[in-house]
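Okay, so here's the structure we're looking at.
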Amino acid sequence: MGWDVWLLGLGMVLVLEGLLPFLSPSAWRETMLRLCQMDDARLRMVGLGSMVAGLLLIVFLS
Numbered sequence: 009m010g011w012d013v014w015l016l017g018l019g020m021v022l023v024l025e026g027l028l029p030f031l032s033p034s035a036w037r038e039t040m041l042r043l044c045q046m047d048d049a050r051l052r053m054v055g056l057g058s059m060v061a062g063l064l065l066i067v068f069l070s
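Under my numbering, the sequence shown has 70 at position 62, and the numbering climbs by one with no breaks.
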């Protein structure tokens with residue numbers, strides 16, 4: 009796996025991360041405010057769920 013694949017993946021992440029703030033800034037802001045108000049344990053679970061979902065997607069597509 010070369011650098012081009014990693015850079016392509018990073019580019020895709022940046023595009024996906026920018027979609028919600030571009031399409032609906034108010035909903036994005038509300039979501040960020042809710043995330044900031046979460047306690048650490050719950051925020052860690054959200055992060056874990058996101059990582060597991062991403063890993064499963066990678067495994068199924070590989």
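Yeah, the Cβ is synthetic: ideal placement off N, Cα and C, and Gly gets one too.
Boundaries of the alpha helix (DSSP H) in which residue i is found, first to last residue
i: residue 12; result: 11 to 31
i: residue 59; result: 48 to 69
Contact check, residue i vs residue j, beta carbons under 8 Å
i: residue 24; j: residue 36; result: no
i: residue 51; j: residue 63; result: no
Close Cβ partners of residue i (< 6 Å) along its chain, the five nearest in sequence each way excluded
i: residue 61; result: none
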